[in-house]
Amino acid sequence: MAQSKPAISPWGGAVAGATGAVIANALVYPLDIVKTRLQVQVRPDEKAEKNEGDAVHYTSTWHAISRIMADEGIQGLYAGMNGSLVGVASTNFAYFYWYTVARTLYTKSAGPSAAPSTAVELSLGAVAGALAQLFTIPVAVVTTRQQTASKADRKGLFATAQEVIEGPDGVSGLWRGLKASLVLVVNPAITYGAYERLKDIIFPGKSKLKPWEAFLLGAMSKALATICTQPLIVAKVGLQSKPPPERKGKPFKSFIEVMRFIIEREGVLGLFKGMGPQILKGLLVQGILMMTKEK
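This is the structure in structure tokens:
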């Protein structure tokens, strides 16, 4: 008779989840820079007079990579990486910790033999995701500022945080985009739900997946979740970065205002800008994490 694996503690689950997420995100970090730069830029007015100091407008993922390397060197593709990985580690640590706590409490109340349904799993994940965002969003705000700043204006993690605090929102500026982030906790829920559904469709009755099978399902489910939530992702980045020149320093007040601003200048498709590198990054990260999980 096979021995059952010992239940992992909340701390153990948190450390394992955070470590895997940091490694996966570090491997694909240049894609994070590119997708953020693409999402925060606003299509320039073709009739407006162009000045030498105007920001570069990237036309594609490859154009963004080549221009960043030409203007900032290879290090430009890793701008804000330290802060980003701190954010990834803290967010995933908090998520996996609270998820493990919630799941353990559920198992104790429902009984060890009662496996949680998909709806319960998604609910637990949403609660854990919301709690994680409340505590870790300041790091995301600071990292977004670092990633979108020019090489000359880029500052360290703490100096950037100080700049945000000294802005019009004060300390609350570190929580810009919180509402959008809380709504975006549905992203993991969609990912997980799609993963389980696709697993039943593509590999029916198979309890143990091979690494490549888990990678495939993880990539497909993350792509679907990204497409569904991309407008909110773009709006959140717009809230957390410095306002575009057209705003004349006036920050956005809500993600609805960001969406309206983008639609007026770029149409509805503008809400899906940067989706290429966003999906590619999500595919690789989610695939790596799911492949590790199945092992």
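Numbering (UniProt numbering), first residue to last: 1 to 295. In this text, a Cβ means the ideal position worked out from N, Cα and C, and glycines have one as well. Quantities reported herein were computed from a predicted structural model and do not represent experimental measurements.
Is residue i helix, strand or coil when you go by DSSP?
i: residue 166; result: coil
i: residue 265; result: helix
i: residue 152; result: coil
i: residue 63; result: helix
i: residue 199; result: helix
i: residue 18; result: helix
i: residue 84; result: helix
i: residue 43; result: coil
i: residue 205; result: coil
i: residue 30; result: helix
i: residue 73; result: coil
i: residue 56; result: coil
i: residue 158; result: helix
i: residue 125; result: helix
i: residue 254; result: coil
i: residue 172; result: helix
i: residue 117; result: coil
i: residue 277; result: helix
Give me, in chain order, the residues of the same chain whose beta-carbon lies closer than 7 Å to that of residue i; leave out the 5 immediate sequence neighbours on both sides.
i: residue 164; result: 141, 142, 145, 173 and 174
i: residue 187; result: 225 and 229
i: residue 273; result: 38, 39 and 234
Where do the N-terminal and C-terminal ends of the alpha helix (DSSP H) with residue i fall, by residue?
i: residue 237; result: 211 to 240
i: residue 183; result: 178 to 183
Among the residues of its own chain, which have a CB less than 8 Å from the CB of residue i, if the five just before and after it don't count?
i: residue 199; result: 206, 209 and 217
Beta-carbon within less than 6 Å of residue i's beta-carbon, same chain only, minus the 5 sequence neighbours each way: which residues are those?
i: residue 195; result: 217 and 221
Practice task
Please confirm if the region 221 to 232 is in contact with the region 259 to 279, defined as three or more CB-CB distances below 8 Å between the two stretches.
Solution key: Proximity of the region 221 to 232 to the region 259 to 279 meets the contact definition, three or more beta-carbon pairs being nearer than 8 Å.
Practice task
Pair every Cβ in the region 81 to 97 with every Cβ in the region 18 to 25, then say whether three or more of these pairs are closer than 8 Å.
Solution key: Yes, since at least three Cβ pairs between the region 81 to 97 and the region 18 to 25 fall closer than 8 Å, the two stretches touch.
Exercise for the section: Decide if the region 108 to 127 is in contact with the region 200 to 213; the criterion is three or more beta carbon pairs, one per stretch, under 8 Å apart. Expected result: Not touching, per the Cβ criterion.
Practice task
Could you say if the region 121 to 137 and the region 178 to 192 meet the contact criterion of at least three C-beta pairs nearer than 8 Å?
Solution key: Yes, since at least three Cβ pairs between the region 121 to 137 and the region 178 to 192 fall closer than 8 Å, the two stretches touch.
Practice task
Determine contact between the region 23 to 34 and the region 72 to 81, defined as no fewer than three beta-carbon pairs at a distance below 8 Å.
Solution key: Contact holds: three or more Cβ-Cβ distances are below 8 Å.
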